[in-house]
Amino acid sequence: TRERFAEAFAQINANFEVTFTTLFGGGKAGLVLIDQENQVESGIDIIAQPPGKRLQNVQLLSGGEKAMTAMALMFAIFKFRPSPFCLLDEIDAPLDDANIGRFVEMLQGMQSHTQFILITHNRKTMEIADRLYGVTMEEPGVSKLISVQMN
Amino acid sequence: TRERFAEAFAQINANFEVTFTTLFGGGKAGLVLIDQENQVESGIDIIAQPPGKRLQNVQLLSGGEKAMTAMALMFAIFKFRPSPFCLLDEIDAPLDDANIGRFVEMLQGMQSHTQFILITHNRKTMEIADRLYGVTMEEPGVSKLISVQMN
Amino acid sequence: MRLSRLHINGFKSFPDRAELSFDDGVTAIVGPNGCGKSNVVDAITWVLGEQSAKSLRGERMEDIIFNGSDARKPTQSAEVRLRLANVAQVGMTVPVEPGLEIVDLDPAVPPAEGENGQLPLVTRDVEIGRRLYRSGESEYLIDGEVCRLRDVHDLLMDSGLGVKAYAVIEQGKIGQILSSRPAERRSLIEEAA
Amino acid sequence: MRLSRLHINGFKSFPDRAELSFDDGVTAIVGPNGCGKSNVVDAITWVLGEQSAKSLRGERMEDIIFNGSDARKPTQSAEVRLRLANVAQVGMTVPVEPGLEIVDLDPAVPPAEGENGQLPLVTRDVEIGRRLYRSGESEYLIDGEVCRLRDVHDLLMDSGLGVKAYAVIEQGKIGQILSSRPAERRSLIEEAA
Ligand SMILES: Nc1ncnc2c1ncn2[C@@H]1O[C@H](COP(=O)(O)OP(=O)(O)OP(=O)(O)O)[C@@H](O)[C@H]1O
Ligand SMILES: Nc1ncnc2c1ncn2[C@@H]1O[C@H](COP(=O)(O)OP(=O)(O)OP(=O)(O)O)[C@@H](O)[C@H]1O
Ligand SMILES: [Mg+2]
Ligand SMILES: [Mg+2]
Chain A
1 TRERFAEAFA QINANFEVTF TTLFGGGKAG LVLIDQENQV ESGIDIIAQP PGKRLQNVQL
61 LSGGEKAMTA MALMFAIFKF RPSPFCLLDE IDAPLDDANI GRFVEMLQGM QSHTQFILIT
121 HNRKTMEIAD RLYGVTMEEP GVSKLISVQM N
Chain B
152 TRERFAEAFA QINANFEVTF TTLFGGGKAG LVLIDQENQV ESGIDIIAQP PGKRLQNVQL
212 LSGGEKAMTA MALMFAIFKF RPSPFCLLDE IDAPLDDANI GRFVEMLQGM QSHTQFILIT
272 HNRKTMEIAD RLYGVTMEEP GVSKLISVQM N
Chain C
303 MRLSRLHING FKSFPDRAEL SFDDGVTAIV GPNGCGKSNV VDAITWVLGE QSAKSLRGER
363 MEDIIFNGSD ARKPTQSAEV RLRLANVAQV GMTVPVEPGL EIVDLDPAVP PAEGENGQLP
423 LVTRDVEIGR RLYRSGESEY LIDGEVCRLR DVHDLLMDSG LGVKAYAVIE QGKIGQILSS
483 RPAERRSLIE EAA
Chain D
496 MRLSRLHING FKSFPDRAEL SFDDGVTAIV GPNGCGKSNV VDAITWVLGE QSAKSLRGER
556 MEDIIFNGSD ARKPTQSAEV RLRLANVAQV GMTVPVEPGL EIVDLDPAVP PAEGENGQLP
616 LVTRDVEIGR RLYRSGESEY LIDGEVCRLR DVHDLLMDSG LGVKAYAVIE QGKIGQILSS
676 RPAERRSLIE EAA
């Protein structure tokens, strides 16, 4: 499993460089083993540099930039080891319109192999849905599902 | 200071019952000293029941309900001990339109005694601003402020 | 394999039967704050075997049973059923679909007949279910038959649904990936490896 | 008392001089992700005396000095100045404005002349400032004169700006109030008491 980890790490790292630059329209990112001498146990650091900015500690990134970076990493892992479905609960909440656009494009690129179930308040995200469910609570405390077929 | 704490607790609790029902359009809420025997050191529990729902552990509330409840508590403390200004960074992020409307109404009720500085991506929130600043980064990595006077 | 249908009955804010169908592609769930959207996600993770009440925002597992409202009494049980389509028959190899790289196949065993590395395959629909009663009794079901948690677990592992850590991103949790400790990020990679 | 003007120079993503004026009421700051809005909030908490680099998202305090971009070199220092208007003269009692209850006044001392409990009052404008150099040297200023952190602290305490914990809600932090431990919530109340 030492090789399996090394293989997974290499591939996910390569995917991450691609998903990050796609979501950010540029820049660079990668994963780094903190302790190169001890690859079996070493923790992992995330390196992320949005386009035009200098490389700094990821904690200094903005709320939206952190969300996009985390998404890039999740999608990088996902492309390596796809799951049949993916549940995303309001992950567009900190994003501005331009970033929601790029996030939604990436989803559209991945949806032929994966079922995505998204919870959102955002119109742009809703627009790419093949199927829409509304949840209402007309009777307080009692949820009701309404199906809205699209396409 | 034992009396000061008891006095603060009583007033903030009373304020909280009001701010919560205003933000939720009903329901009930309050603060409870966990250890009634030891008021000097006891921790505090938050009780919150949105309108029409049964009382449950606050952790079961939704993301938006938790944000509204936390805001009700912050405003309750604020009404007891006003600060000359209040900085709120994207606290409308998890809220739907109806809740942003109620949040914005509460701000308008408090702004005569307090300067509010809000960071937001939301149009409804922007609409109540007396003054608007746009921050841009046309040159990557370099922030620039633009003043947009309103009213 | 894909999700086909979800039935929720008595779980959290769903005292009445509720049903969702899933097609390929993207399904969006929308609605005002507090109406029950995240509860749908909780229902899915619960029927897939979530054991921690805290991960479902509860203090004890009983918290996921509908607790009543102004006008309704609490229900005595919660039930969720999830229908899965095209599930590889347990014991058979998983198909290598174009674009879907299954890295846990034994690379020493070459793909058998069929083009594009497609193996002759038996798949079926299967429905997993879970019930919890206020008494504390709980049941797991496969196609309506009571079984053990372990049987559900094995079925999910074989069908590729075993790794949960990154197929679900809960509300408010996206930030944790960057603020997590280096060791926690490592385990995210290890789980995928 | 109120905020009047903020000058930022070399702080985080603001290598050039930037200035905001604050009127009464509501000021909104808008813009795309990563453009610098939260950095403005950081500038305010920093000039008010924030001592923890972590609270400003940094690892060490040097992280708040502009670090350069593609086209620009890093600056050698960061400076923020905050002008406050109508600050009660240190040593005088704070005015009791209608609707603003200052509960730390000694209730044994009755309001002197003037209606509505208004005390004869001396207020002035004052500008607090803070600088940090890459060398690690740091300065605090009141009206352009170098002073100690403690002098800034005293000025802020007298003017009602001492309690910070609930006058600032940082991005993503609103949820922490409900998930905090009971003891932490108590200290929120204690700070206000
Ligand atoms: N066991 C239960 N019985 C009844 N109601 C419950 C139960 N558990 C949770 N709820 C209710 O479900 C509601 C939360 O639902 P949920 O988290 O799905 O909302 P949401 O649609 O995701 O909202 P948001 O947009 O704010 O995230 C809460 O109001 C809570 O009181
Ligand atoms: N010392 C520094 N030098 C240069 N740039 C910095 C420095 N510290 C932070 N930044 C940059 O500031 C940006 C973050 O700004 P900020 O957090 O204010 O964004 P924001 O406008 O609040 O965005 P969001 O809407 O996503 O929350 C990051 O891209 C970061 O690289
Ligand atoms: Mg939710
Ligand atoms: Mg921000």
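Chains as they are written, first to last, in this note's numbering: chain A, 1 to 151; chain B, 152 to 302; chain C, 303 to 495; chain D, 496 to 688. Each residue gets a CB set at the ideal place from its N, CA and C atoms; glycine is no exception. Note that the structure is a prediction, hence the values are computed from the model and not measured.
Going along the chain, which residues of its own chain have a beta-carbon closer than 8 angstroms to the beta-carbon of residue i, five neighbours each way excluded?
i, result
"residue 117(A)", "85, 86, 87 and 88"
"residue 497(D)", "517, 519, 579, 580 and 581"
"residue 135(A)", "143, 144, 145 and 146"
"residue 100(A)", "92, 122, 124 and 125"
"residue 526(D)", "532"
"residue 169(B)", "227"
Can residue i be considered in contact with ligand 3, in the sense that its beta carbon sits closer than 7 angstroms to one or more heavy atoms?
i, result
"residue 475(C)", "no"
"residue 89(A)", "yes"
"residue 213(B)", "yes"
Whose C-beta lies closer than 6 angstroms to the C-beta of residue i among residues of the same chain, with five residues either side of it excluded?
i, result
"residue 599(D)", "With a pLDDT of only 38 at residue 599(D), under the threshold of 50, the placement of this residue in the model should not be trusted, and no figure is reported."
"residue 432(C)", "349, 382 and 442"
"residue 384(C)", "308, 349 and 430"
"residue 503(D)", "509, 513, 538 and 575"
"residue 102(A)", "23"
"residue 439(C)", "none"
Give every residue of the same chain whose Cβ lies closer than 7 angstroms to the Cβ of residue i, excluding the five residues on either side of it in the sequence, and list them in chain order.
i, result
"residue 610(D)", "Any reading at residue 610(D) must be qualified, since the residue scores a pLDDT of 45, below 50, and its modelled position is unreliable; the value itself is stated next. Around residue 610(D): no qualifying Cβ."
"residue 115(A)", "84 and 85"
"residue 13(A)", "30 and 31"
"residue 15(A)", "76, 79 and 80"
"residue 337(C)", "none"
"residue 40(A)", "2"
"residue 672(D)", "none"
List the DSSP bridge partners of residue i.
i, result
"residue 311(C)", "381(C)"
"residue 204(B)", "371(C)"
"residue 237(B)", "267(B)"
"residue 509(D)", "506(D)"
"residue 431(C)", "383(C) and 443(C)"
"residue 149(A)", "131(A)"
"residue 347(C)", "Beta-bridge pairing links residue 347(C) to no other residue."
"residue 425(C)", "390(C)"
"residue 179(B)", "200(B)"
When you compare the CB of residue i with every CB in chain B, is at least one pair closer than 8 angstroms?
i, result
"residue 359(C)", "yes"
"residue 134(A)", "no"
"residue 670(D)", "yes"
"residue 109(A)", "no"
"residue 603(D)", "Confidence at residue 603(D) is low in this model, with a pLDDT of 48, below 50, so its placement is unreliable and the value that follows should be read with caution. By this cut-off, residue 603(D) is not an interface position."
Under a CB-based cut-off of 8 angstroms, is residue i close to chain D?
i, result
"residue 124(A)", "no"
"residue 291(B)", "yes"
"residue 28(A)", "no"
"residue 316(B)", "Past the boundaries of the shown model lies residue 316(B); chain B is included only from 152 to 302, so the question cannot be answered."
"residue 238(B)", "yes"
"residue 271(B)", "yes"
"residue 206(B)", "no"
Please report whether the beta-carbon of residue i lies at a distance below 8 angstroms from any beta-carbon of chain C.
i, result
"residue 90(A)", "yes"
"residue 247(B)", "yes"
"residue 66(A)", "yes"
"residue 19(A)", "no"
Within the present structure, is the beta-carbon of residue i separated from the nearest heavy atom of ligand 2 by less than 7 angstroms?
i, result
"residue 65(A)", "yes"
"residue 92(A)", "no"
"residue 633(D)", "no"
Comparing the C-beta of residue i with each C-beta of chain A, is any distance below 8 angstroms?
i, result
"residue 533(D)", "yes"
"residue 546(D)", "no"
"residue 425(C)", "no"
"residue 449(C)", "no"
"residue 528(D)", "yes"
"residue 503(D)", "no"
Does the beta carbon of residue i fall short of 7 angstroms from some heavy atom of ligand 1?
i, result
"residue 368(C)", "yes"
"residue 650(D)", "no"
"residue 511(D)", "no"
Sorry if obvious, but does the Cβ on residue i come closer than 7 angstroms to a heavy atom of ligand 4?
i, result
"residue 533(D)", "yes"
"residue 270(B)", "yes"
Please list the residues of the region 555-581 of chain D that have a C-beta atom closer than 7 angstroms to any C-beta atom in chain E, keeping them in chain order. Absent from the structure is chain E; the protein chains it does hold are A, B, C and D.
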